[in-house]
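Counted from 1, the sequence shown has number 206 at position 207 by numbering that gives the first Met the number 0; the numbering is strictly sequential.
Input: a single structure, listed below in structure tokens.
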Amino acid sequence: MILRSLVGKLWLTIILLVSLVLSFLTFVLIGFFEKFYIDLQVQNMKDDATKIAGLIEKGQSISDVEYLSNNIVNRYSRVIISIEDEEPWYSNNKYGIQELPFEEIQKDHVLNRTIEYKEDVSKRLVYGKNSEREKLVVGIAIKDQNHYGAVYMYQSLQPVKGMIHQTTNFVLLAASIGIVLTTFFSFFLSSKITAPLRKMKEVVGDMTSGNFDAKVPIHSNDEIGELAYSFNKMSKKLNFNMNALKQEKEKVSNIITSMVDGVISINNEGSIVTTNPPAERFLKMLNDDEFEKDSELVLTKDLLDLYKLVVESEKKQFIELNLDQGNWQIVMSPLYNQTNIRGVVAVIRDVTEQRRLEKMRKDFIANVSHELRTPISLLQGYSEAIVDGVAESKEEMQELSQIIYDESLRMSRLVNDLLDLARMENGFTELNREPVPVIPFVDRIIRKFKALAREKNVSLFGELDDIIQVTILIDEDRMEQVFTNLIVNAITHSNENGRIIVSVSQNSEETIFEFIDSGAGISTEDLPFVFERFYKADKARTRGKSGTGLGLSIVKNIVNAHGGSIQVFSEIGQGTTFKVKIPHFIRINEKVVE
């Protein structure tokens, strides 16, 4: 509605104010004109009555006075002459003026004062119940000592009321025209005055929609112009602050989103407000049984209990969840709104890898301790035997010394393997790459282990197929270490009368070495772990044979250092195959080397 707007309120205020002023002026003017007309008529009647009284005072005959009175009075008036005890004389009634009984004058104590006290009086006299009987009466006393009486002149108020009515109509017409003009000009003026305010309203609407570039036009230097200037200045400052807040919000959002740890914001009702992707994955994993697509994420019982504990204690709380899927540490801290807690923020850290590494470290220490315990015990025991003189003959002394020497070599190999593996896993593997002929290299290593294979009653031979590139770029010593480890493992774990094949093939990109044995094989459960440090397959495969469990870890690191890959394929009772792929081209500092 227009009355709810500032324009309507300002317009209505001006109209009401002007209407009140014009109404007051109308009533004042009507009263003024009414009084003016009555006073004018009273004065005219007094003048006429004074002339008639003067004629009587000058001694004119009554007949002459009556004659002259008919000529002196105007057409709307009548004269009553009361002299002593004579009957009152009335002037002619030319226009049908209702006659005023002299008894009414005598009954009125004001008009009667003219005769009793010789005072000049005037009064509006109403007699009867008919408003037409309202008369304007003027009484002039005859002050001659020879005559005792008064001259009364009266007239009806209808002509005066007619003039007043016409005047009232004119004033009301003028007031109506004034109100119409005021309505038009006040609406125009209020619209003009409030135009900058309406523009400010539009700008505020744009600002609520996020558009802070809108400006209020400045058309004047008055208070509204200053207000528009201040508003534009405020809009500019607000735009700057909003952009700064937006940037900070985006920065915080990007930081939280890119965090590896999960972050959950919880309100004071225990409902989730915001999460980042790791937290969503964590919650979906916890709610896997009840979670449905497009359903809201909720806190599980463990998290809800921790949330209640944080709210009650108003302190940071910590728990660790150890599940089948992994391990997570959860820290919840209260968020304050001045003095009251307005929510809780939870940080979720996946420590599965950390726990795995800790377990590997503990297992590593246990395995090293286990591997060193036997040679150290043997060294200590046989050394004590020599010190105590248990070995009496030279042959016994030689036997004990040989055992001590063998165990020291075993400890040396273990320590060297550990050092080599540590250097490789830390990226300190230095390769001396040189072009190496494939066929002579493989043939030399196979001949090297022929004797060991014959001792174990195992057949060892090589197969060369599709040799495209005669030489390959490798570190010959390191690659010989790979061949040695894989062939020795194959011989060690092959059954009697078994067979070992070293197959070599090539394609345009890589050379493929396969080490195939017909041994007991490796179970499916053990296959994913054969390249881990100190890992050994089941007892059926090891059969109590010595070994540190580091060989295959070293092999994998050497192959990876060459840019290649190693795979294992095995089934129980079907033998084992290790496949090593060495690329022909390596990339060093973005340069391809052949």
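Cβ coordinates follow ideal geometry from the N, Cα and C atoms, glycine included.
Check: Could you check the C-alpha separation between D143 and R112 for me, to the nearest Å?; Outcome: 16 Å
Check: I'd like to confirm the pairing. Which residues does DSSP put opposite K106 in its beta bridges?; Outcome: Its beta-bridge partners do not exist; DSSP assigns none.
Check: Verify the CB distance criterion: does M233 have a CB-CB separation below 8 Å to chain B?; Outcome: Among the protein chains of the structure shown there is no chain B, as only one such chain exists.
Check: What residue range does the alpha helix (DSSP H) around K150 cover?; Outcome: Note that residue 150 is Val in the sequence shown, not Lys. Where V150 is concerned, there is no enclosing alpha helix (DSSP H), although the beta strand (DSSP E) it sits in stretches over 148-155.
Check: Looking only at C-alpha atoms, which of I438, V20, S121 sits nearest to Q40?; Outcome: S121
Check: Note down, in chain order, each residue of its chain lying with its Cβ closer than 6 Å to the Cβ of E222, except the 5 sequence neighbours on either side.; Outcome: none
Check: What would DSSP say about G572, mapped onto helix, strand or coil?; Outcome: coil
Check: Do the CB positions of F601 and E475 come within less than 8 Å of each other?; Outcome: Absent from the model: residue 601. The displayed extent of the chain is 0 to 593, so no value can be given.
Check: Nearest-angstrom Cα distance between M199 and N220?; Outcome: 16 Å
Check: Helix, strand or coil for F317, going by three-state DSSP, please let me know.; Outcome: strand
Check: Kindly give me the distance between the Cβ atoms of R409 and P374, rounded to whole angstroms, as I take these residues to be in contact under 8 Å.; Outcome: 5 Å
Check: What is the C-beta distance between I490 and V457, in whole angstroms, given that I count them as a contact (C-beta under 8 Å)?; Outcome: 6 Å
Check: With burial defined as no fewer than 16 other Cβ atoms inside 10 Å of the residue's Cβ, what is the status of D516: buried or exposed?; Outcome: buried
Check: Taking only runs that begin and end inside the segment 447-499, name each unbroken alpha helix (DSSP H) of 4 or more residues, in chain order.; Outcome: 449-454, 475-491
Check: Should the segment 546-560 be called in touch with the segment 477-492, which here means at least 3 C-beta pairs below 8 Å?; Outcome: yes
Check: What are the residues that DSSP puts in a beta bridge with P277?; Outcome: P277 is not bridged to any residue.
Check: Start and end of the alpha helix (DSSP H) containing R112?; Outcome: 112-115
Check: Looking at V137 and T25, is the spacing between their C-beta atoms short of 8 Å?; Outcome: no
Check: Can you tell which of L9, G261, E531 has its C-alpha closest to the C-alpha of N359?; Outcome: Inspection of the sequence shows that residue 359 is occupied by Met rather than by Asn. It is E531 whose Cα lies nearest to the Cα of M359.
Check: DSSP has W10 in a bridge; who is on the other side?; Outcome: None, per the DSSP bridge assignment.
Check: Do I265 and A345 have their C-beta atoms within less than 8 Å of each other?; Outcome: yes
Check: By a C-beta neighbour count over all protein chains shown, 10 Å radius and 16 as the cutoff for buried, is D47 buried or exposed?; Outcome: buried
Check: Does DSSP put R341 in a helix, a strand or coil?; Outcome: strand
Check: Please report the straight-line C-alpha distance between Q379 and F528, rounded to a whole angstrom.; Outcome: 34 Å
Check: Alpha carbon to alpha carbon, how far is F281 from N326? Give it in angstroms, no decimals.; Outcome: 11 Å
Check: Quick one: what's got a C-beta closer than 7 Å to N431's C-beta in the same chain, skipping five residues either side?; Outcome: D474
Check: DSSP three-state call for K134: helix, strand or coil?; Outcome: strand
Check: Helix, strand or coil for R542? Go by DSSP, reduced to three states.; Outcome: For R542, the pLDDT reaches just 39, beneath the cut-off of 50, and the residue's location in the model is therefore unreliable, leaving the point undetermined.
Check: Of the choices E524, I445, K455, V414, whose alpha-carbon is the least far from that of G497?; Outcome: K455
Check: Ignore the nearest five residues each way along the sequence and tell me which others in L320's own chain have a CB closer than 6 Å to its CB.; Outcome: W327
Check: Would A174 be called buried (16 or more neighbouring beta carbons within 10 Å of its own) or exposed?; Outcome: buried
Check: Using the Cβ count rule (16 or more neighbours within 10 Å means buried), how would you classify M241?; Outcome: exposed
Check: Anyone know if the C-beta pair for L28 and S189 falls short of 8 Å?; Outcome: no
Check: Please look up how many angstroms separate the CB atoms of G342 and N267, rounded, as I've assumed it's under 8 Å.; Outcome: 6 Å
Check: Just the Cα atoms here: how many angstroms apart are F23 and T182?; Outcome: 18 Å
Check: With a CB to CB cut of under 8 Å and the five nearest residues on each side skipped, what residues in its chain are close to M258?; Outcome: N275, P277
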